[in-house]
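Residue numbers (the working numbering), protein chains in the order written: chain W, 1386 to 1573; chain L, 1386 to 1573. Here is the structure we will look at.
Protein chains: 2
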Amino acid sequence: MDILVETSARHLHITQADLETLFGRDAKLTWKKDLSQPGQYACTERVDVVGPKGKFNMSILGPTRPATQVEISLTDARMMGITAPVRESGDLAGSPGAKLVGPAGEVELKEGVIVAKRHIHTSPEDAEALGVKDKEIVDVVINTMERALVFGDVVVRVHPNFRTSMHIDTDESNAAAAGGEVYSNIVK
Amino acid sequence: MDILVETSARHLHITQADLETLFGRDAKLTWKKDLSQPGQYACTERVDVVGPKGKFNMSILGPTRPATQVEISLTDARMMGITAPVRESGDLAGSPGAKLVGPAGEVELKEGVIVAKRHIHTSPEDAEALGVKDKEIVDVVINTMERALVFGDVVVRVHPNFRTSMHIDTDESNAAAAGGEVYSNIVK
């Protein structure tokens, strides 16, 4: 079974409280376009995420979440001067913070800046077809013309709402020359 | 046999003529520190390499060469707005150019901007021990804690002057979380 590879550029997820600090009282996220995972969408709202050495203007992905989380690549982390750990989404304890700057205010984020651990979203049905379980760590091959590789340390996440796809960051995508429509396969 | 992994950040090699255009008549490269390959060194001279969307200030690696060559990552290429191909060093035909800006002048480079193809430098003796030949394409495993992977499409370059090491760019290094002293092994 081929798994679509999707590249996640730097972005953030945000709490309703932080959204209101940055964009004003009663601010709401504005839908811009759907993402591949059902219910997830890119928003028109953007914020500056500021580190000791540099900043990036990043888009917010909705809906709002219980914790604000900034996802960057290790290349981004170096440019920003932030030592961000490779973590699964939501595993933020002890991660570094950053300053968020919006049109209505600023948030001094105490923690929440991570480099996303590469992962596969899949449904229970597809997980069975793939022969994998939730939280399983697998190897995944990407056979591009110029930069074929096998990613180890890929975590599988199974949920009825998930559409099967692999998410990697821009460093990983570039290391595989995985621009365009690229598919991967779990190595068994 | 373990192979030291070295990460090449964006840099350029330069002709004597371009060096003089950028730094003035009779300009010479100034040694700053030796690199792992014998005879190669980083220089104190730096230039801005300018693309349609952005620029980076890059260090020059000496000695001078028969052709000016800019080596960037695909992340850099995107930020600069340059569609750089993955190529072996010296294979510059049809590659894009960029503007080089130095303290004494500018060079409109017509071609020479590439993303270096990942490669292993090795001596004839080590090549024999590794069981590989010049120009062979091999798979190489890097077993980091968080981002283990196997790079395909790694080209072997054998020369009596080479010290055995693997060279990857910053995207590839980050995809493997290969900061610090990391070793790799050819997969046979």
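Quick reminder that beta carbons are idealized off the backbone N, C-alpha and C, glycines included.
- Under the Cβ criterion of 8 Å, Val1498 of chain W is not counted among the residues facing chain L.
- Per DSSP, Leu1459 of chain W lies in no beta strand (DSSP E); the unbroken alpha helix (DSSP H) holding it starts and ends at 1459-1465.
- Burial check for Gly1487 of chain W: the Cβ neighbour count within 10 Å reaches 16 or more, so the residue is buried.
- Spatial neighbours of Ser1421 of chain L in its own chain (CB-CB distance under 7 Å, excluding positions within 5 residues in sequence) are listed in chain order as Glu1391, Arg1548, Ser1550.
- Under the Cβ criterion of 8 Å, Asp1538 of chain W is counted among the residues facing chain L.
- Each residue's CA atom was taken as its position, placing Leu1515 of chain L and His1396 of chain W some 43 Å apart.
- For the pair Arg1503 of chain L and Gln1401 of chain W, the Cα-to-Cα distance works out to about 44 Å.
- Against chain L, the beta carbon of Thr1555 of chain W has neighbours under 7 Å at Thr1460, listed in chain order.
- With a threshold of 16 other beta carbon atoms within 10 Å, Val1535 of chain W meets it and is buried.
- Annotation: Lys1438 of chain W to Met1464 of chain W spans about 6 Å, alpha carbon to alpha carbon.
- In the displayed model, Asn1546 of chain W falls within coil according to three-state DSSP, outside both helix and strand.
- Among the residues of chain L, those whose CB is under 7 Å from the CB of Val1535 of chain W are Leu1534, Val1535, following chain order.
- Proximity of the segment 1433-1448 of chain W to the segment 1518-1535 of chain W falls short of the contact definition, fewer than three beta-carbon pairs being nearer than 8 Å.
- For the pair Ile1467 of chain W and Leu1485 of chain W, the Cα-to-Cα distance works out to about 14 Å.
- The C-beta of Glu1456 of chain W comes no closer than 8 Å to any C-beta of chain L.
- For secondary structure counted as the alpha helix (DSSP H) over 4 or more consecutive residues, the segment 1386-1436 of chain L holds these complete runs in sequence order: 1401-1408.
- At a cut-off of 8 Å between beta carbons, Val1471 of chain L contacts chain W.
- Boundaries of the alpha helix (DSSP H) harbouring Ser1558 of chain W: 1555-1560, taken from the DSSP string.
- Ala1483 of chain L counts as buried, since at least 16 other C-beta atoms from the protein chains shown sit within 10 angstroms of its C-beta.
- By the rule that beta-carbons nearer than 8 Å mark a contact, Asn1570 of chain W does not touch chain L.
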